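Here's the structure we're looking at; comments come further down.
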DNA sequence: TTGTCCTATATTATCGATAATTTTTCTGCG
DNA sequence: CGCAGAAAAATTATCGATAATATAGGACAA
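Protein chains in written order, with full-length UniProt numbering: chain A, 1 to 219; chain B, 1 to 219.
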């Protein structure tokens with residue numbers, strides 16, 4: 001046995017972690033069935049923890065589940081992806097608009113610092129043609145905006161949509177030139193730096209509108 | 001077509017339904033412990049379905065859960081309630097704003113019909129001083145707006161916030177005169193009827209701003 | 001052949017019992 | 001007293017086995 005440390009993690013959590021890993025790194029692809037007893041046997045546990053882990057992944061949006069039939073890795077379709085992007089837009093625009101009242105130059109500085117760091121990382125990713133890296137920096141950029149609202153509920157909502165975007169969004173973004181994706185962001189930071197949060201919100205809307213125009217090309 | 005579908009509800013679902021009922025109608029109040037075996041014995045099932053139901057309620061936000069300790073009915077604080085209202089606002093404003101493009105008089109008619117029905121119900125509730133009824137109609141009103149966006153993901157997000165508002169929101173709304181609550185809504189419908197969705201969005205923002213001014217008085 | 005019923009099989013759903021963990025209570029010592 | 005530390009109690013977490021359910025495939029009649 002591993003014996004690295006005192007395993008304080010419940011079996012459910014360990015199983016969950018393993019399954020998520022397999023999904024994000026592609027060992028399990030959309031459509032694959034996940035059978036409780038099979039996984040249990042493979043990991044050396046009983047059915048119960050696996051079952052709980054699967055249920056958890058279900059609510060996280062990683063998998064679909066049909067009663068008495070089973071679970072399979074979720075296959076996102078364009079509609080769901082589009083919907084997720086809309087919710088992201090709604091939340092982010094609201095967060096940016098909220099900055100207007102609270103945010104003078106001083107208070108916004110931490111946010112700007114983070115965003116600028118993201119911009120740099122995005123540039124690097126573009127230069128290296130690394131779409132994975134770009135997506136990662138992109139996610140950090142947008143999450144930072146929501147996070148800065150201080151509304152943790154909003155952050156959880158945003159996070160709950162990350163899966164869709166992470167798994168399938170990359171495909172959509174692959175249809176856009178990386179440079180184009182990057183260029184959507186600096187203006188937003190620029191507007192924020194000048195305390196023009198209203199403009200920043202509008203630019204964010206533009207950002208999503210632009211992405212939308214590329215959706216049709218990713219089939 | 002036939003809609004009966006042979007009611008074959010799993011035990012988990014039945015337990016879940018019962019527990020939710022108890023929470024919303026106050027048999028179980030925030031802070032109450034929910035013990036797996038106790039509930040199981042009481043309902044004549046084994047631990048497993050109860051456990052699953054509890055986990056489900058956990059992700060729905062009804063209860064808190066600490067590993068190896070147990071579950072208790074969640075005790076919402078003002079911050080969380082405030083946050084939930086903000087997310088609602090973000091989503092609803094987005095939904096209304098989206099009507100601009102798609103909604104001519106014809107297409108919006110179904111939505112208007114529902115909203116007007118809600119207004120009527122709200123008036124009745126105000127006349128009878130029934131805050132529960134008012135809250136219910138209020139919820140239907142706002143949900144209808146989100147629903148009409150056609151974005152099911154957005155609806156689920158909105159639904160996931162309903163609990164907070166349902167359980168604690170009533171207290172906040174109790175601090176407002178019922179009539180005042182009602183009066184926030186007709187202007188929104190009016191603006192929509194005239195295809196002035198931009199105005200409707202602004203009125204919605206006002207709506208939430210007004211509610212916020214009453215928050216401080218509910219302690 | 002085709003469609004229906006039935007059986008076989010695979011898988012989930014539930015059960016009762018046990019192990020693991022946390023919290024509480026008790027006990028002896030300073 | 002007060003408090004560290006150990007037994008006890010309470011509760012969750014996990015297990016192995018069984019029941020319930022759904023799907024696939026085959027036999028059989030038309």
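We treat Cβ as the ideally placed atom computed from N, Cα and C, and that holds for glycine.
What you are looking at is a predicted structure, and each value in this text was computed from that prediction instead of being measured.
Check	Outcome
Which of the three DSSP states is assigned to residue 175/B in this structure?	coil
So which of 61/B, 119/B, 97/B and 147/B has the shortest CA-CA distance to residue 81/B?	61/B
Exposed or buried, which one is residue 190/B when buried takes at least 16 other CB atoms within 10 Å?	exposed
Could one say the Cβ of residue 152/A lies closer than 8 angstroms to chain B's Cβ atoms, at least one of them?	yes
Going along the chain, which residues of the region 64 to 79 of chain A sit with their C-beta nearer than 7 angstroms to a C-beta in chain B?	67
List, from N- to C-terminal side, the alpha helix (DSSP H) runs of 4 residues or more that fit wholly inside the region 108 to 146 of chain A.	none
Counting only the same chain and skipping the five closest in sequence on each side, list residues whose C-beta sits under 8 angstroms from that of residue 5/B.	Legend: pLDDT at residue 5/B = 46, less than 50; position of this residue unreliable, no value from coordinates given.
Would you say residue 52/A reaches chain B, if we count a Cβ-Cβ gap shorter than 8 angstroms as a contact?	yes
Report back the beta-carbon spacing between residue 106/A and residue 142/A to the nearest angstrom; my notes put them in contact at under 8 angstroms.	So it is not a contact: roughly 23 angstroms between Cβ atoms.
I'd like the list of long-range same chain contacts for residue 148/B, defined as Cβ closer than 6 angstroms, with 5 residues on each side in sequence excluded.	111
Write down every uninterrupted run of the beta strand (DSSP E) in the UniProt domain "HTH gntR-type" (9 to 76) of chain B whose length is 3 residues or greater and which is fully enclosed by it, in chain order.	63 to 66 and 70 to 73
Smallest Cα separation from residue 75/A: which of 38/A, 46/A, 29/A and 47/A?	29/A
Using a Cβ-Cβ distance cut-off of 8 angstroms, determine whether residue 89/B contacts chain A.	yes
Mind checking residue 49/B: buried by the 16 CB within 10 Å criterion, or exposed?	buried
Residue 87/A to residue 41/B, Cα distance in whole Å?	42 angstroms
Once DSSP output is grouped into helix, strand and coil, what is the label at residue 207/B?	helix
What separation, rounded to the nearest whole angstrom, lies between the Cα atoms of residue 151/B and residue 192/A?	29 angstroms
Can you tell which of 194/A, 136/A, 32/A and 157/A has the C-alpha that lies nearest to the C-alpha of residue 181/A?	136/A
Straight-line CA distance for residue 104/B to residue 145/B?	15 angstroms
How would you list, in chain order, the residues of chain A whose beta-carbon sits under 7 angstroms from the beta-carbon of residue 59/B?	59
Measuring alpha carbon to alpha carbon, tell me which of 14/B, 212/B and 134/B ends up nearest residue 125/B.	134/B
Hey, how far is the Cα of residue 122/A from the Cα of residue 96/A?	21 angstroms
Out of 120/A, 99/A and 159/A, which has the shortest C-alpha to C-alpha gap to residue 196/A?	99/A
Under the assumption that residue 34/B contacts residue 63/B (Cβ atoms under 8 angstroms), give the Cβ distance between them as a whole number of angstroms.	6 angstroms
Following a CB-centred definition, is residue 162/B positioned closer than 7 angstroms to any heavy atom of the ligand MN?	Of ligands this structure carries none, so the ligand MN is not represented either.
Beta-carbon of residue 96/A versus every beta-carbon of chain B: anything under 8 angstroms?	no
Measure the alpha-carbon distance for residue 215/B versus residue 77/B and round it to whole angstroms.	12 angstroms
Under DSSP, the alpha helix (DSSP H) around residue 159/A begins and ends at which residues?	152 to 160
Please report the straight-line C-alpha distance between residue 21/B and residue 51/A, rounded to a whole angstrom.	26 angstroms
Under DSSP, the alpha helix (DSSP H) around residue 193/B begins and ends at which residues?	186 to 193
In or out: residue 9/A buried (at least 16 other Cβ within 10 Å) or exposed?	exposed
Which residues of chain A have a Cβ atom closer than 8 angstroms to the Cβ of residue 84/B, listed in chain order?	153
Is it the case that the Cβ atoms of residue 119/A and residue 186/A are separated by a distance below 8 angstroms?	yes
Measure the beta-carbon distance from residue 94/A to residue 89/B and round it to whole angstroms, keeping in mind my assumption that it falls under 8 angstroms.	7 angstroms
Provide the residue span of the alpha helix (DSSP H) that contains residue 94/A, from first to last.	78 to 102
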